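Numbering (our numbering), first residue to last: 21 to 258.
In structure tokens form, the structure reads like this:
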């Protein structure tokens, strides 16, 4: 899983990142949002180049993050940033924007949840109605292993209630700084010591993996918090 690239580069043309991914020999790659840096005047070229290089070797499934949401909602401010990202990658990679795909060889179904902007508000978590996810992407499967790409990990209980066997998130950047015994310090919602900041979490038999991300955006700080490339091994439903 890749999350929160924010147009960062690791080696020339992301050669070191691609080498790390190749070394894992993934069956497929999931991108859990925020490939780009959602600021006026930005270009998606780094993200487009990376995704297309990966998609030449692997199946790549992409969900939107809040930076893709922001740039797609306000073309007056961000210009063609979202359009250029989407158009530049859609021929090789598959964007799951409130859509899903079934992978029969693994009996896995991957869903991409494009969350409304209200679920990214700062300071206070917006209530999510029990029906929201089902009404947005449909019901979870009963015979498949269901993976939900949902950028914001704050709603893990809602993802689990919907039926996600595994939720894949990012967004929190590991809390920027990770302190021993305390964890991540602050989330993008300006919440101190966020509950879900990095790693594996469980509610019953439902799981969520939160990537600490690869890049940065507004505050370019990572302390005791290395860029995070996540490898997941799944024993799905058969």
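Don't be surprised by glycine CBs; every beta carbon is placed ideally from N, CA and C. Computed from a predicted structure; not experimentally measured.
Own chain, CB closer than 7 Å to residue i, minus 5 neighbours either side, in chain order
{"i": "residue 33", "result": "69"}
{"i": "residue 237", "result": "26, 57"}
{"i": "residue 166", "result": "129, 131, 160, 183, 184, 185"}
{"i": "residue 73", "result": "38"}
{"i": "residue 203", "result": "195, 213, 217"}
{"i": "residue 140", "result": "86, 172"}
Between the CA atoms of residue j and residue i - distance to the nearest angstrom
{"i": "residue 82", "j": "residue 103", "result": "15 Å"}
{"i": "residue 44", "j": "residue 255", "result": "17 Å"}
{"i": "residue 3", "j": "residue 78", "result": "Nothing in the structure corresponds to residue 3, since the chain is present only between 21 and 258."}
{"i": "residue 49", "j": "residue 38", "result": "12 Å"}
{"i": "residue 42", "j": "residue 53", "result": "20 Å"}
{"i": "residue 142", "j": "residue 207", "result": "9 Å"}
{"i": "residue 35", "j": "residue 66", "result": "12 Å"}
{"i": "residue 259", "j": "residue 229", "result": "No statement about residue 259 is possible, as the shown extent of the chain runs from 21 to 258 and does not include it."}
{"i": "residue 96", "j": "residue 55", "result": "20 Å"}
{"i": "residue 156", "j": "residue 101", "result": "25 Å"}
{"i": "residue 190", "j": "residue 170", "result": "8 Å"}
{"i": "residue 99", "j": "residue 63", "result": "10 Å"}
{"i": "residue 114", "j": "residue 106", "result": "10 Å"}
{"i": "residue 177", "j": "residue 192", "result": "17 Å"}
{"i": "residue 215", "j": "residue 175", "result": "11 Å"}
{"i": "residue 71", "j": "residue 133", "result": "20 Å"}
{"i": "residue 253", "j": "residue 47", "result": "10 Å"}
{"i": "residue 59", "j": "residue 40", "result": "28 Å"}
{"i": "residue 93", "j": "residue 153", "result": "20 Å"}
{"i": "residue 91", "j": "residue 149", "result": "25 Å"}
{"i": "residue 168", "j": "residue 125", "result": "18 Å"}
With 16 other Cβ atoms within 10 Å as the buried cut-off, status of residue i
{"i": "residue 251", "result": "exposed"}
{"i": "residue 173", "result": "buried"}
{"i": "residue 158", "result": "exposed"}
{"i": "residue 147", "result": "exposed"}
{"i": "residue 231", "result": "buried"}
{"i": "residue 245", "result": "buried"}
{"i": "residue 109", "result": "buried"}
{"i": "residue 89", "result": "buried"}
{"i": "residue 222", "result": "exposed"}
{"i": "residue 61", "result": "exposed"}
{"i": "residue 144", "result": "exposed"}
{"i": "residue 116", "result": "buried"}
{"i": "residue 301", "result": "Residue numbering for the chain in the displayed model covers 21 to 258; residue 301 lies beyond these limits and cannot be assessed."}
{"i": "residue 51", "result": "buried"}
For residue i, the residue or residues it bridges with in DSSP
{"i": "residue 79", "result": "48"}
{"i": "residue 223", "result": "226"}
{"i": "residue 131", "result": "120, 168"}
{"i": "residue 22", "result": "51"}
{"i": "residue 203", "result": "199"}
{"i": "residue 37", "result": "According to DSSP, which records beta bridges pairwise, residue 37 is partnered with nothing at all."}
{"i": "residue 212", "result": "206"}
{"i": "residue 243", "result": "197"}
Residues near residue i by beta carbon distance below 8 Å, same chain, minus five either side
{"i": "residue 241", "result": "196, 197"}
{"i": "residue 234", "result": "22, 23, 24, 25, 26, 28, 30, 37, 247, 248, 249"}
{"i": "residue 205", "result": "195, 196, 197, 198, 199, 212, 213"}
{"i": "residue 180", "result": "187, 223, 224, 226, 228"}
{"i": "residue 219", "result": "229, 230"}
{"i": "residue 112", "result": "71, 72, 75, 76, 80"}
{"i": "residue 243", "result": "196, 197, 198"}
Chain-order list of residues whose beta-carbon lies under 6 Å from that of residue i (same chain, five-residue window excluded)
{"i": "residue 76", "result": "none"}
{"i": "residue 118", "result": "134, 156, 157"}
Entirely within the region 95 to 124 and at least 3 residues each: give me those beta strand (DSSP E) ranges in chain order. Counting only unbroken stretches of 3 or more residues, the beta strand (DSSP E) elements lying wholly within the region 95 to 124 are 119 to 123, in sequence order.
Which complete alpha helix (DSSP H) runs does the region 140 to 200 hold, if anything under 4 residues is left out? Complete alpha helix (DSSP H) runs here, min 4: 152 to 157, 176 to 182.
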